[in-house]
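There are 2 protein chains.
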Amino acid sequence: MTHAAIVEAAARIAPFVRRTPVLTSRTLDALAGRAVYFKAELFQITGSFKYRGATNAVQKLPAGTRGVVTHSSGNHGQALAKAAQIRGIPATIVMPATASAVKKAAVLGYGAAVVECGASLPEREAAVRSIQDKTGALAIPPFDHEDVIAGQGTAALELLEEIPDLDAIVAPVGGGGLISGFCLAAGSVRVFGAEPAGADDAARSKAAGERVRLEKTSSIADGLLANYLGELTWPIIRDRVEQIFTVSEDEIRAALTLVWERMKVLIEPSAAVGVAAVLSEPFRAVKADRIGVVLCGGNVTLPAI
Amino acid sequence: MTHAAIVEAAARIAPFVRRTPVLTSRTLDALAGRAVYFKAELFQITGSFKYRGATNAVQKLPAGTRGVVTHSSGNHGQALAKAAQIRGIPATIVMPATASAVKKAAVLGYGAAVVECGASLPEREAAVRSIQDKTGALAIPPFDHEDVIAGQGTAALELLEEIPDLDAIVAPVGGGGLISGFCLAAGSVRVFGAEPAGADDAARSKAAGERVRLEKTSSIADGLLANYLGELTWPIIRDRVEQIFTVSEDEIRAALTLVWERMKVLIEPSAAVGVAAVLSEPFRAVKADRIGVVLCGGNVTLPAI
Chain G
119 MTHAAIVEAA
129 ARIAPFVRRT
139 PVLTSRTLDA
149 LAGRAVYFKA
159 ELFQITGSFK
169 YRGATNAVQK
179 LPAGTRGVVT
189 HSSGNHGQAL
199 AKAAQIRGIP
209 ATIVMPATAS
219 AVKKAAVLGY
229 GAAVVECGAS
239 LPEREAAVRS
249 IQDKTGALAI
259 PPFDHEDVIA
269 GQGTAALELL
279 EEIPDLDAIV
289 APVGGGGLIS
299 GFCLAAGSVR
309 VFGAEPAGAD
319 DAARSKAAGE
329 RVRLEKTSSI
339 ADGLLANYLG
349 ELTWPIIRDR
359 VEQIFTVSED
369 EIRAALTLVW
379 ERMKVLIEPS
389 AAVGVAAVLS
399 EPFRAVKADR
409 IGVVLCGGNV
419 TLPAI
Chain R
119 MTHAAIVEAA
129 ARIAPFVRRT
139 PVLTSRTLDA
149 LAGRAVYFKA
159 ELFQITGSFK
169 YRGATNAVQK
179 LPAGTRGVVT
189 HSSGNHGQAL
199 AKAAQIRGIP
209 ATIVMPATAS
219 AVKKAAVLGY
229 GAAVVECGAS
239 LPEREAAVRS
249 IQDKTGALAI
259 PPFDHEDVIA
269 GQGTAALELL
279 EEIPDLDAIV
289 APVGGGGLIS
299 GFCLAAGSVR
309 VFGAEPAGAD
319 DAARSKAAGE
329 RVRLEKTSSI
339 ADGLLANYLG
349 ELTWPIIRDR
359 VEQIFTVSED
369 EIRAALTLVW
379 ERMKVLIEPS
389 AAVGVAAVLS
399 EPFRAVKADR
409 IGVVLCGGNV
419 TLPAI
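Residue numbers (the working numbering), protein chains in the order written: chain G, 119 to 423; chain R, 119 to 423.
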């Protein structure tokens, strides 16, 4: 995959996605000790950058595609549901029976069917295969897919168009789709990753020089709980990401509260991971005056006021 | 006061205030049955439009002014503290001893002194007079002041520059400073007000044709709990505001949750009042395809996640 794939994806999805704003905050600049530009993908349609990748993948499907299917209890499910609805293709989202009613309602609201299954990965994958067999639907995975990666990279392209002289970009890492797309989009700009310490497979993989699979992951940043990087995303991250910073749950909660209170934007915990990394002590060693951070999503259930 | 006062204020405060974005949401448009443009003053410095009025008033003070003082447990206190800090003038904010630690910390963080007093209006006013006598500070009231009104109006000027063909503007009403400024800025554009039913002095005043003073007010929208309109703001509202819509606490909470969940911006309850009015059944009678709504502030203490 190359930079050209991102540029093509940007042209393809432009009629469907929102060009999200780039936010700044004097308070955050002061705390970070540098200028920070926040690409606010929480304002993207369906509430996260995932809509970019899903739209790129769905728009590339041939006419006559009988349906799309994925398993996701999170942002990719909502994104695929909406992207398919726009194209007029039936979508089925496999969700664990334990997923929240709010998340099911969101997917149903975008016109997709919800199929419940057990919570384990084998059960989810079996449910997807069963739907494929029955309906002829194509599976669109959440990150390990060239068109999905290319779509996610368009957020970096927009950020660099608006702030061309960035020294570095920071993106959170789950399965690696977002940061892989950013690597391809970033040209010579440095790319750093951010991970919860409780789901640090990418940091461990970088350290080991090979894909590390975690048995268990745990974090409030529920969008980043992937146990391992993808086959496509790992080599890009291995070769192109300069360093992965890990942050504690306390750091994530502090960054979340900070962004809510001072920037007034309702990011989800996964989006706070990149902010927490930039504010962390180890990040001070990075010499970069102007950095971009993607606020990847805003799908968080708030306590009632 | 005239439109020219708003234009002058805009030029005066331009170096100090943030030009806030105008947001849109397909979900909110669909619910409102028209195109709604949200002027996002929650992103203003100090978290509310109050910084515009405070900055205009403070920037107009003569050189050698010895200090400014106000009583406020809310957004005007923070705004005046910051505006005075920028000008290098000492500020004292009188707050009831019962005000939250967070609000006191915000004012202290902007370099102002906090003086605690009793919660009643006479106690607050006495504390302000005592500080004036001791320090020679000038009192800058929260709304009933020409320079404050003119500053608030600059938000409407920006909104109309960005979306020139609005049919109407909706603003929440507390003491009336914001909506008075909007009336002066709006030219021929229609202006509507929005109030909590529990603090409906403006609606009652319009109905009575004279200023009505409420003995008690109560609402989650704590920025709109004024008991009566100002001497300056009342005639402007009487003559120029087409209608004041009142909304219930349930409507305010529903609008607050809706904006948080769907627009991902952390407005405070007072800002939800305008949104609730636009979504209310009585507002459907207003024939206006394109309306502006000011999201007046974002200073809300969230429950911990």
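Just so you know, even glycine gets a beta-carbon here, dropped at the ideal spot from N, CA and C. Because the structure is a prediction, the values reported are computed rather than measured.
- Cβ contact annotation for R:T164 (same chain, cutoff 6 Å, sequence separation greater than five): Q196, A197 and K200, in chain order.
- Residues of chain R whose Cβ lies closer than 9 Å to the Cβ of G:W352 do not exist; the shortest such Cβ separation is about 31 Å.
- Residue-level contact by beta carbon fails for R:L376 and chain G, as no gap is shorter than 8 Å.
- With the rule of 3 Cβ pairs closer than 8 Å, the region 177-191 of chain G counts as touching the region 199-214 of chain G.
- In this structure R:V365 is in contact with R:A395, their Cβ atoms being roughly 5 Å apart against a cut-off of 8 Å.
- Among the residues of chain G, those whose CB is under 8 Å from the CB of R:V383 are K382, V383 and L384, following chain order.
- Of all residues in the region 402-419 of chain G, those with a C-beta nearer than 7 Å to a C-beta of chain R are G416, reading in chain order.
- Note on G:L374: 16 or more other CB atoms within 10 angstroms of its CB, so buried under the neighbour-count rule.
- Identification of residues in the region 138-166 of chain G having a C-beta nearer than 7 Å to some C-beta of chain R yields P139, L160, F161 and G165, given in sequence order.
- Where R:A289 is concerned, the enclosing beta strand (DSSP E) starts and stops at A286 to P290.
- Residues are counted here when their Cβ sits less than 9 Å from a Cβ of chain R; for the region 289-304 of chain G the count is zero.
- Per DSSP, G:I409 lies in no alpha helix (DSSP H) segment; the continuous beta strand (DSSP E) that holds it begins and ends at R408 to L413.
- Against chain R, the CB of G:P421 has a partner CB under 8 Å away; the residue lies at that interface.
- As the crow flies, the alpha-carbon of R:A217 is around 44 Å from that of G:D283.
- The beta carbon of R:C235 lies closer than 8 Å to those of H189, V212, M213, P214, A215, E241, R242, A244 and A245 in the same chain, with the five residues before and after it left out.
- Contact annotation: the region 405-422 of chain R does not touch the region 315-334 of chain R, with fewer than three C-beta pairs closer than 8 Å.
- Checking the DSSP bridge columns, you'll see R:Q361 partnered with R:F310.
- The continuous alpha helix (DSSP H) containing G:A273 extends over residues E264 to E280.
- A straight line joining the alpha-carbon of R:A303 with that of R:T183 spans about 29 Å.
- When secondary structure is reduced to three states using DSSP, R:V233 falls in the strand class.
- In the DSSP secondary-structure assignment, R:T375 is not bridged to any residue.
- Here R:A158 is near R:L141, since their CB atoms are less than 8 Å apart.
- Inter-residue distance for R:A172 and R:I267 is about 9 Å (C-alpha atoms, whole angstroms).
- In this structure R:R170 touches R:V135 by the C-beta definition: roughly 6 Å separates them, less than 8 Å.
- Here the region 259-273 of chain G makes contact with the region 290-297 of chain G; the two share three or more CB pairs at distances below 8 Å.
- In terms of Cα proximity to R:G254, the closest of R:K222, R:A209 and R:V225 is R:A209.
- The DSSP-derived three-state label of G:M381 is helix.
- Pairing R:D262 with R:L350, the inter-Cα distance amounts to about 6 Å.
- With fewer than 16 neighbouring CB atoms inside 10 Å of its own CB, G:S238 falls in the exposed class.
- Sequence-distant partners of G:V232 (beyond 5 residues in either direction) whose C-beta falls short of 7 Å from its own C-beta, in its chain, are I211, M213, K222, V225 and L226.
- Judged by DSSP secondary structure, G:A158 falls within the beta strand (DSSP E) whose first and last residues are A153 to A158.
- In the DSSP assignment, G:A209 falls within the unbroken beta strand (DSSP E) covering A209 to P214.
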